[in-house]
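Take a look at the structure set out below.
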């Protein structure tokens, strides 16, 4: 087991390395460059800019330079925002994303698994249909609709909440409500559907029948036996989901002006801000790999049949 | 439906360990579970109904699932027969008919007139009058005349422009929402189904092989999945579109390219946990090949979760397409998809709510049906769900 | 889910009585669009940045809020000599916000810094268009002494232009002619724009800058005209989502909305706060002039004449734009040369003359546009117009911004949407990009007569003769060749309550210096 951990952990580095390498070369394939603008920058100026950012060197040299920089912990200057480094953006916006993400995920897990259990136990009753209907709505209505609808209702119509912002001096903590609910709605729906199905599956399995035959009480069976087994598919979905939600959501961040990292994922790609793209890719990959690693560990706890050698 | 309260416990037949396995060991067990109560569960001589018929029989009993099935058939018929349905063109722009609200009875002329009148009254109100001045009245009279006389030619026939009716209202170009929703449905349903099918298929194959074989292969496959997750998706789509052009097939492909990852991870997890179960051991002990074990024995046992996953993937694909349209990488105008219709309508939500409401409704009803059908299928195909229905 | 929402709502109600209690006295909150690229005038290139620049810096010339015309800034007065080619500015005695004096040398050093190849300023081409020797220095053809700017004494600054360019004073308002506190930059390097390090010379000085969250500025106590600065604070909020920005305005969370979503326009226009005026820009379709059969002016004219521009501006864009038949918008002293007005019958005839009666045999082609609601709507309309009026098969192709720019630059399109905002108030800014081989001439227009006229105008002094030359050039470009299809002249769109705020005026540059804005 211990050996497995170490091997897995060391295995993360090559994965990360491959992601960095592929991304580094791939992003330069996209048409247009970081300095293209409506008013074309004349060739002479482009030469100056490319020299400044060492983009006139052969690509392999740029790659080597970039790797060395990363090893020193420097992700380079942003092309789009010359006043700041990529490190600055990540340091300033990742905590916001983590906060938004963990609150949303917490809400989604609590409500999702809760209603999953409820629906599974009361399968095909109105309770089941009710929650599953909400879940289907959560999955089928895009975030870029849910967000504005909430904003329209709670801010413009009822004046209960400010339209947007994030824990600032003007509006305070109340601003987190709408972004968290919006972001949670999708994951809630997913988790509810997944855990319901999985619990129903497990309820029919032999070991649960055995437990029942032994005369254990409902709640004990549910929490000691069923949930443990039923969480497997949920957990394997959670790995990537955690990574995605923790690194922010571009839609929610743009709509509610949340100063998170998610915006940079999409905007840096559109701006061809190579260094910022690489920065976001690296952060996301690290979180993702660690999450998937944790998922695998959790697996072995949930399911004694899985062994790691 | 039984639940897990102690009162609901049904005594189980004692587990029998001494069954003789044939090369098709798993199947008979599965079927044997379909026998009626009272008969020996392990009576191998069971005949009559095949698994599919049995599943179908169970499915028919599930009213929600059958309801869902009918709705889906209805959608499919409507979408497929769109070109011959008596609806307006989805792309014909009539600027005079912009933003008309839905109405079952009123013609475009009535609505345009009402809208104009309302607008003029608002302007008058803003200027502190509660009556229309002469210039405005002339405007209205002129509009009335236009409405009564203007004609246009569609498909060689001359019709009165303002006698057209729009049951679900019109969009910013005066195009018929009903027709756009139907044509948008073609695109969205196709993306949902094709995308789900390909991604689930790839996901099952890769996930199950990786989970079953384990060891180095599993390790490398999972690292490959990690790498695919890590690459910047938006950029992949941008590059893809730039290299191959913005065609709907390319859109399918670009979406499917990364969407199998989740399925693969989930299937792998299931396969790993099934790997050490009795029936796999049994199959292995009688020398079944790996391929046979994976695809005949293990994959069917993960169907329950896969179907649920697939029913989650369909909306997911429709959403990805909507998101890509939102970013301008989706389907190109003047074609529509449900996602693009909804995306277009968000801004004007307060003023033109029907533009948001009807496409969303069409989408939600479809996904509801898919969902209930998926659940029903899962129950019906589930070997353990005998005597439950 | 519903329950939770209700619970949250109650929670929210209990927590604070919200509503419209945001505005401080004299605090102006602006929803500023995209996150600003930065504050260093040598590194920025956009409109949101320009709005901030107006608050934090001032160049030789500042803008009149009423009509965006030049007003004395750091320069108190100026004289023109040498046939309009030499400008001598008398500077006022003023300092940076840290008390360090601003002298003529500050201007020389700042401009040289911006032009230096190592600085790699994106907008260096702009001063290079005006100042003698600037282009040579920027493209490493000469050392810094070739740039013809000099400090005659501490408070006299002189520059030589490449020609008698009468619009240079308006151009000097632009940030690329701004100044930078080099003594601070030497000390802090790139971090000089961080709050705390920041030093400026504008009416306001940076108070707080949290990227993605807000940027705020308070009056600069060292500003020479500080008695005429009225606001207590200016807050710039980055807003990527137009709908949110507009909602913030409706909810009174901001005082000035700089965009209005298209679908909200009809409501917005009924509001007293709606501010709209002509904006110095032209929306047009550029045609690839080298591609067959679009190399035939008759084809291009037919395309132009079969579009109903009035419909487009009244029913689709609806911002009060003026239908345009010329590339150059009307300006003082200049009457644009127009292309042919809409005439479907004549358009059909022209197309038939070019060998495509009823559109038969005409190759299918694409309209390229970048992702944007308004562009999409117009393209859909034009597609139908060309199809129904001329029988042409047209498809639409949208690309995200950078791909679109790349395609357009390479000339890899047939018809593409384009827009041009004037850099200064002169016809030249709308015409000189179409000379043969120019970097921005993606339509590959090439006409030596046009090239000569533009070159000739560049060497002429201000006056009717110069305008006539430009008009002649536009006649070749539009009236004869119809190289592009102008569609409409832009308008600016803002929401601001004029009963509450004064000193804010519509003008053709959409420039609204915060210095002059005050709370009534």
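Chains as they are written, first to last, in the working numbering: chain A, 61 to 369; chain B, 2 to 390; chain C, 21 to 540. All C-beta atoms, glycine included, are put in the ideal place defined by N, C-alpha and C.
Using beta carbons (cut-off 7 Å, strictly below), is residue i in contact with chain B?
i, result
"residue 80 of chain C", "no"
"residue 253 of chain A", "yes"
"residue 83 of chain A", "yes"
"residue 98 of chain A", "no"
"residue 117 of chain A", "no"
Nearest by alpha-carbon distance to residue i: which of the options is it?
i, options, result
"residue 307 of chain A", "A/114, A/123, A/131, A/155", "A/155"
"residue 127 of chain B", "C/525, C/289, C/349", "C/289"
"residue 197 of chain B", "B/187, B/118, B/82, B/256", "B/256"
"residue 271 of chain C", "A/257, A/209, A/224", "A/224"
"residue 122 of chain C", "C/104, C/315, C/176", "C/176"
"residue 296 of chain A", "A/254, A/318, A/331", "A/254"
"residue 199 of chain A", "A/159, A/245, A/180", "A/245"
"residue 260 of chain A", "A/304, A/175, A/163", "A/175"
"residue 435 of chain C", "C/403, C/484, C/282", "C/403"
"residue 134 of chain A", "A/202, A/352, A/338, A/330", "A/338"
"residue 237 of chain C", "C/46, C/100, C/398, C/138", "C/46"
"residue 488 of chain C", "C/356, C/307, C/361, C/457", "C/356"
Beta-carbon within less than 8 Å of residue i's beta-carbon, same chain only, minus the 5 sequence neighbours each way: which residues are those?
i, result
"residue 222 of chain A", "215, 230, 231, 234, 235"
"residue 22 of chain B", "For residue 22 of chain B, the predicted structure reports a pLDDT of 40, less than 50, and the residue's modelled location is therefore unreliable. A value from the coordinates is still provided. Same-chain partners within the cutoff: 283, 284, 286, 287."
"residue 391 of chain B", "Chain B is shown from 2 up to 390; residue 391 of chain B falls before or after that span and cannot be answered."
Leaving out the 5 sequence neighbours to the left and right, which residues in its chain are closer than 7 Å to residue i when beta-carbon positions are compared?
i, result
"residue 382 of chain B", "56, 304"
"residue 99 of chain B", "171, 173, 174, 175"
"residue 309 of chain B", "375, 379"
"residue 199 of chain B", "257"
"residue 208 of chain C", "217"
"residue 249 of chain C", "223, 239, 243, 535"
"residue 442 of chain C", "300, 301, 449, 450"
"residue 41 of chain B", "Note that residue 41 of chain B scores a pLDDT of 42, beneath 50, so its modelled location is shaky; the value from the coordinates is reported in the next line. Once the five neighbours on either side are set aside, residue 41 of chain B has no close Cβ partner at all."
"residue 502 of chain C", "317, 320, 321, 324, 359"
Between residue i and chain A, is there a C-beta pair that is closer than 7 Å?
i, result
"residue 313 of chain B", "yes"
"residue 63 of chain C", "yes"
"residue 530 of chain C", "no"
"residue 239 of chain B", "yes"
"residue 270 of chain C", "yes"
"residue 460 of chain C", "yes"
Kindly indicate if chain C contains any beta-carbon less than 7 Å away from that of residue i.
i, result
"residue 118 of chain B", "no"
"residue 2 of chain B", "Interpretation of residue 2 of chain B is limited by its pLDDT of 36, a score under 50 that renders its predicted location unreliable; the figure taken from the coordinates is listed afterwards. It does not; no Cβ of chain C falls within 7 Å."
"residue 101 of chain A", "yes"
"residue 216 of chain A", "yes"
Spatial neighbours of residue i within its chain, please: CB distance less than 6 Å, with the 5 preceding and 5 following residues excluded, ordered by chain position.
i, result
"residue 444 of chain C", "187, 190, 191"
"residue 289 of chain A", "262"
"residue 384 of chain C", "413"
Can you name the residues of chain D whose CB is closer than 8 Å to the CB of residue i?
i, result
"residue 144 of chain C", "Protein chains in the displayed structure are A, B and C, and chain D is not among them."
Identify each residue in the stretch 315-342 of chain B for which the Cβ-Cβ distance to at least one residue of chain A is less than 8 Å, and report them in chain order. 316, 317, 319, 320, 323, 324, 327, 328, 340
Quick one: complete beta strand (DSSP E) runs, 3+ long, within the stretch 393-472 of chain C? 414-419, 435-441
Just by C-beta distance, which residues in the stretch 418-439 of chain C are closer than 7 Å to chain B? 418, 420, 423
Within the stretch 269-325 of chain C, ranges of the alpha helix (DSSP H) (whole runs, at least 4 residues): 285-288, 317-325
Kindly provide the ranges of any alpha helix (DSSP H) runs that are 4 or more residues long and lie completely inside the stretch 170-228 of chain A, ordered along the chain. 186-200, 203-210
Against chain C, which members of the stretch 134-147 of chain B pass a CB distance test of less than 7 Å? none
When you check each C-beta in the stretch 320-351 of chain C against every C-beta of chain B, which residues fall closer than 8 Å? 331, 335, 336
According to a CB-to-CB cut-off of less than 7 Å, which residues of the stretch 151-165 of chain C neighbour chain A? 158, 159
Could you name the residues of the stretch 219-251 of chain C whose beta carbon sits closer than 8 Å to any beta carbon of chain A, in the order they occur along the chain? 230, 231, 232, 233, 234
Check each residue of the stretch 263-281 of chain B: if its Cβ is closer than 8 Å to any Cβ of chain A, include it; give the result in chain order. 263, 266, 267, 269, 270, 271, 273, 274, 276, 277, 278
Given a limit of 8 Å on CB to CB distance, which residues of the stretch 223-238 of chain B reach chain A? 223, 224, 227, 228, 230, 231, 232, 233, 235, 236, 237
Can you list, in chain order, the stretches of the beta strand (DSSP E) that have 3 or more residues and sit fully within the stretch 199-271 of chain C? 224-230, 234-239, 253-257
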